[in-house]
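Residues in the sequence shown are numbered consecutively from 2, following our numbering.
Quick reminder that beta carbons are idealized off the backbone N, C-alpha and C, glycines included.
Since the model is a prediction, treat every value here as computed from it, not as a measurement.
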Amino acid sequence: ANYKRCLPSFLFTMATSKKRAYMSRDEASELLSECDKQLEAASEDLRQAKELAQRAGLWNESSLLDVTFPDASRNLAVLRTTAGYSNTDHLVTLTGDARTDRIAELKRNLQRRARKMQPENRGEDRWDKPRIPGERRRRILREKDSPAAPPEPPPSGYVIFVGQMTTKIRHDRPDDHHNQIKVVKEIGKIWRFGISEQEREYYNDFAKQVREEYQEQFREYRATGRFTPSKRFKRLGPLWVRIQQHEKNNLEREIDGYETVQFPPRPPEMNDAYRKREEESKKRRKEKLKATREQQEAEELAEAEARRRLELEHLNASQGNK
């Protein structure tokens, strides 16, 4: 628009026409004089705009006002987006300096990683539950590991069957030492040969329905920070059962009659023998570590003595040659 305003109408038509046209010396002088007048008027407008921008805390520069107008190599703040990568730092400041921008990008990536791993750096908050002797707990590395998140579904119907059968075996053998490895082998044989195809299909459908409901609960948890508890399924530690009485099978109805489904790792009368074995095992490990350290120290001393002898022999040989 400024370019068109600077030219007289006949010159603008001549300059924009497809045919090649030539100006005379007088016409060119008239054009330059008119352009100087327009530049002076534009410079005044730009100075006023610059004052207003500075009052508002904004940046405004123009090559018309400063012949040393900064190029891309100078430290200019330019904003760009990160294509929706983050909801908190979606505006990135580019300075024009490749090294500075790269350092800022690495710092931003480290901050994002730190936010993801934040529960790891908060003492006991990094665990999904308090420390309880005889029970396992896990670190909160993912959002789904948080205690406030919905419980993760079982990967298969066999896992549900193992949990229910383990509970039954622990209840039926209260005075026996529990060995989960042997128990799982027994349960695997029952799963393959001791139940019908219809019962196996029941547990597979059970796992599929729990997974489908978990997907809805986790979407709700990601959006709101809470989720609606299930009205069909319930998790009791490693044990999954149905809530509705008419949907349960015979094993689940039997488990309903138990006073508890949480069992100690071993019978109480075996605790003393277990503690004694643990103390003996720790003592053997300490003795083994001590013996290993003494052997390493002896080997290091022997190597040092050998090096010292070689140095003395070399020194004696050099003195004899002199």
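Cβ separation of residue i and residue j, assumed to be a contact under 8 Å, to the nearest whole Å
i       : j       : result
Pro-154 : Val-242 : Not quite, the Cβ-Cβ distance comes to about 13 Å (not below 8 Å), so this is no contact.
Phe-219 : Lys-145 : 7 Å
Arg-201 : Gly-158 : 7 Å
Leu-95  : Asp-102 : 6 Å
Val-262 : Leu-290 : At roughly 41 Å, the Cβ-Cβ gap does not stay under 8 Å, so Val-262 and Leu-290 are not in contact.
Per-residue burial, residue i [other beta carbons within 10 Å of its own, 16 or more giving buried]
i       : result
Arg-286 : exposed
Ala-208 : buried
Ile-161 : buried
Tyr-204 : buried
Phe-234 : buried
Gly-195 : exposed
Arg-171 : buried
Cβ-based neighbour list, residue i, same chain, cut-off 8 Å, excluding 5 preceding and 5 following
i       : result
Pro-268 : Pro-175, Asp-176, Asp-177 and His-178
Phe-228 : Ala-150, Pro-151, Gln-218, Phe-219, Glu-221 and Tyr-222
Asn-250 : Glu-200 and Tyr-203
Gln-181 : Thr-167
CA nearest to the CA of residue i, picked from the options
i       : options                             : result
Ile-133 : Pro-266, Thr-101 and His-315        : Pro-266
Phe-264 : Leu-240, Ala-99, Ala-42 and Gln-55  : Leu-240
Tyr-259 : Ser-147, Gln-39, Ser-34 and Asp-173 : Asp-173
Cut-off 6 Å between Cβ atoms - residues of its own chain near residue i, not counting five sequence neighbours on either side
i       : result
Leu-252 : Gln-165
Val-163 : Ile-188
Glu-45  : none
Asn-272 : none
Lys-130 : Arg-138
Cβ-based neighbour list, residue i, same chain, cut-off 7 Å, excluding 5 preceding and 5 following
i       : result
Ser-231 : Glu-214
Val-184 : Thr-167 and Ile-170
Interface flag, residue i vs chain B, CB-CB below 7 Å
i       : result
Tyr-215 : Chain labels in this structure do not include chain B; a single protein chain is all it has.
Using 8 Å as the cut-off, can you tell me whether the region 162-174 makes contact with the region 186-193, which would need three or more C-beta pairs spanning the two stretches below that distance? Cβ pair count under 8 Å is three or more, so yes.
Spell out a yes or no on whether the region 147-162 and the region 210-227 are touching, meaning 3 or more CB-CB pairs, one atom from each, closer than 8 Å. At 8 Å Cβ cutoff, the stretches touch.
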